[in-house]
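See below for the structure under consideration.
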Amino acid sequence: MLAMQFANDSRPVMFDPDAEAMPAEQLPALQTRRLRALVDRLLAAGGVQAGRLAAAGVTGGADVSLDDLAELPTTDKGDLWDNYPFGLLAVPREQVVAVHGSSGTGGRPTLVSYTKGDLALWSRMCARALAAAGARPGTIVHNAYGYGLFTGGLGIHQGAIELGATVVPVSGGMTARQVKLIADLRPEILTCTPSYAIRLGEALTEAGLTLETGLSFTAGVFGAEPWTEEMRARIEDLLGLRALDIYGLSEVIGPGVASECIVAADGLHVNEDHFLVEVLDPSTGEPLPDGTPGELTFTTLTKEALPLLRYRTGDIAALRPGSCPCGRTLVKMSKVTGRKDDMLVIRGVNVYPSEIERVLLGEPAVAPDYALVIDARNGGRDLIAVCERITERAAGSPFAGRSASGAGGTAGSGVGVGAGVGVGGGVGVGGAARSDDELREVLEHRLREGLGLRVRVTIVPPGSVPRTEVGKAMRVHRWSAGDPPVPGLPA
Ligand code: DLL
């Protein structure tokens, strides 16, 4: 139910204004109450988390406060693996009405359980995200996140229904069918991974779909993988919409832990009335001050089946408290720059793939489909950036150069983190003025200057880099001695 609308201005409706626009000074009391109830529930459930709490001298919720949160034990993915599949349940197994999960970075599945109450909470979190993107009852939402164990499809689906929007459950893949549905139904909101938004945008451009001929999107709610401001500008150019970020992870609930509002679009409002957030030093586990990037750590204050105390996500981002022109008072987090275990160490230089993406996509002649190959065949770790030239077709998209964020994005406008390398400039859209060799040299130079990284750049014909049809993009490929060449990439 939409409880309130900001009737006297043009800001979009808030799904849950009592919580999302709660006076900041009221939040700690609510969080404290919920944290204490959570600690009581964990102790009553027994198991790993109860044992750790007891070892930390906690005998009941009344013993804890927000101020000494950092003294409480943490959890991480290892706990989910060790207690797979139902070992961390805080309710009887029969109360679990759904399981979801992810294939996980280490290839080991993570399974999470939901009660009816958890599903209701999750729906409300996703409804908040969709409303923040400007959706309202009746808005058509084209949901191209994959349906299944992955939380993207069903999470957004339930959120759209909770909001009263009209969801098109198209799931990922079968792009030609998606193009037809978009032409026929004229959805206003697109939800999918950012890499699939590019794939879909290329297909829509190929099909000649423009604002005049049926392209009707106003906003996209994209997440499930890291993406940069440069990628945001590319998606906005390709699809003529406002590209917004949504963050979440199965362990915490799925999508809807945090999301951007269409009013500011400069960081993701964390639903901290349900997910208490901290940023910790990834190596020491010590809390870091606001504005400093570190490991996002969440306490699920109200979840029933699988509540987690101080869950260390491995995702790197920074927090920025303060008010937002949209009226929300919830703390904002920066875009996630990567996972702590995704950091590449190339000849002694530490770099996240997203920093390389910023440099590559800062060059208008480079298409958003790229791949990074770590060539370890000769015992070393050489980095090869495989880039496609943007096609004249995509460069001529009706929205090219008109992105709301502006080419090069709004990095730095919010709590953006990462190397502030110089990007942009260069040739005009399409890059016709530069030969492949010149383009390669320019990119290698910018990577060296901006990141201190020696990278071999290879320019390949459009369509060479494998596209994402379903799920999350595989950007980084490791190539060891004896491995066959990476499919679709030059040997
Ligand atoms: O990816 C949930 C989700 C679905 C979020 C749809 C947003 C949209 P998992 O499959 O468990 O859940 O993967 C969680 O994906 O720890 C991050 O590393 C990454 N991730 C999720 N959202 C973002 C984002 C879903 N907006 C893991 N930016 C997380 C960067 C993201 N990384």
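Note that this note's numbering has the sequence shown beginning at 174, numbered continuously upward.
Ideal Cβ positions, reconstructed from N, Cα and C, are used throughout, including at glycine.
Model, not experiment: these values are computed from the prediction.
Spatial distance of residue i from residue j (CA atoms)
| i | j | result |
| --- | --- | --- |
| PRO428 | SER608 | 42 Å |
| ALA549 | TRP652 | 6 Å |
| ALA558 | VAL633 | 10 Å |
| THR475 | GLU244 | 20 Å |
| ASP542 | CYS560 | 7 Å |
| GLY220 | ARG266 | 14 Å |
| VAL269 | PRO466 | 35 Å |
| ASP191 | ARG648 | 40 Å |
| LEU417 | CYS434 | 7 Å |
| GLU642 | ARG621 | 32 Å |
| LEU216 | ASN256 | 17 Å |
| MET187 | ILE426 | 21 Å |
| LEU200 | ASP446 | 7 Å |
| ASP656 | SER637 | 20 Å |
| ARG699 | GLY464 | Examination of residue 699 is not possible in this model, given that the chain is present from 174 through 664 alone. |
| PRO399 | ARG493 | 19 Å |
| PRO635 | LEU411 | 16 Å |
| ASP357 | LEU449 | 42 Å |
| THR583 | PRO660 | For THR583, the predicted model reports a pLDDT of 36, less than 50, meaning its position is unreliable; a value from the coordinates is still stated below. Going from the Cα of THR583 to the Cα of PRO660 covers about 34 Å. |
| THR472 | GLU403 | 31 Å |
| ARG207 | VAL340 | 32 Å |
| THR391 | ALA540 | 23 Å |
| GLU451 | HIS330 | 28 Å |
| ALA406 | GLY311 | 28 Å |
Environment of residue i [buried if 16+ CB atoms lie within 10 Å]
| i | result |
| --- | --- |
| SER496 | exposed |
| ARG359 | exposed |
| ASN444 | buried |
| LYS353 | exposed |
| VAL518 | exposed |
| THR401 | buried |
| LEU239 | exposed |
| HIS650 | buried |
| LEU388 | buried |
| SER527 | buried |
| LEU292 | buried |
| GLY585 | Note that GLY585 has pLDDT 33, beneath the 50 cutoff, so the model's placement of it is unreliable and no number is given. |
| ALA490 | buried |
| ARG520 | exposed |
Run of the alpha helix (DSSP H) containing residue i, from where it starts to where it stops
| i | result |
| --- | --- |
| ARG407 | 402 to 412 |
| THR366 | First-last for THR366: undefined, no H or E at that position. |
| VAL212 | 200 to 218 |
| ALA300 | 289 to 305 |
| LEU358 | 348 to 358 |
| PRO526 | 526 to 534 |
| ALA549 | Premise fails: ALA549 lies in the beta strand (DSSP E), 539 to 549, not in any alpha helix (DSSP H). |
| LEU261 | Element bounds for LEU261: n/a, residue is neither H nor E. |
Distance CB(residue i)-CB(residue j) smaller than 8 Å
| i | j | result |
| --- | --- | --- |
| GLU335 | ARG309 | no |
| GLY319 | GLY326 | yes |
| SER432 | ARG301 | yes |
| GLU468 | THR486 | yes |
| GLU193 | LEU503 | yes |
| ALA317 | GLN351 | yes |
| LEU382 | ILE408 | no |
| PHE395 | THR366 | yes |
| LEU461 | THR248 | no |
| GLY421 | THR324 | yes |
| SER368 | ALA538 | no |
| GLY500 | ARG281 | no |
| ASP514 | TYR525 | no |
| GLY332 | CYS299 | yes |
| LEU453 | GLY413 | no |
Rounded distance between the beta-carbons of residue j and residue i, thought under 8 Å
| i | j | result |
| --- | --- | --- |
| ILE529 | LEU545 | 6 Å |
| TYR484 | GLU424 | 6 Å |
| LEU616 | LEU533 | 6 Å |
| LEU226 | PRO246 | 7 Å |
| VAL314 | ILE362 | 4 Å |
| SER286 | LEU479 | 5 Å |
| GLY233 | ASP252 | About 22 Å separates the two Cβ atoms, so there is no contact after all. |
| PRO498 | VAL436 | 5 Å |
| GLU477 | THR288 | 4 Å |
| ALA235 | ARG209 | 6 Å |
| GLY393 | ALA376 | So it is not a contact: roughly 15 Å between Cβ atoms. |
CB contact check: residue i to chain B, cutoff 8 Å
| i | result |
| --- | --- |
| THR366 | The structure shown contains no chain B; it is built from a single protein chain. |
Span of the beta strand (DSSP E), counted from its first residue to its last, around residue i
| i | result |
| --- | --- |
| PRO196 | Looking at the DSSP string, PRO196 is not in any beta strand (DSSP E), and its letter there is neither H nor E. |
| ARG562 | 555 to 562 |
| ILE313 | 313 to 316 |
| ILE519 | 517 to 519 |
| ASP439 | No beta strand (DSSP E) holds ASP439; DSSP gives it neither H nor E. |
Residue i: CB within 7 Å of a non-hydrogen atom of the ligand ATP
| i | result |
| --- | --- |
| VAL509 | Among the ligands present in this structure, namely the ligand DLL, the ligand ATP is not found. |
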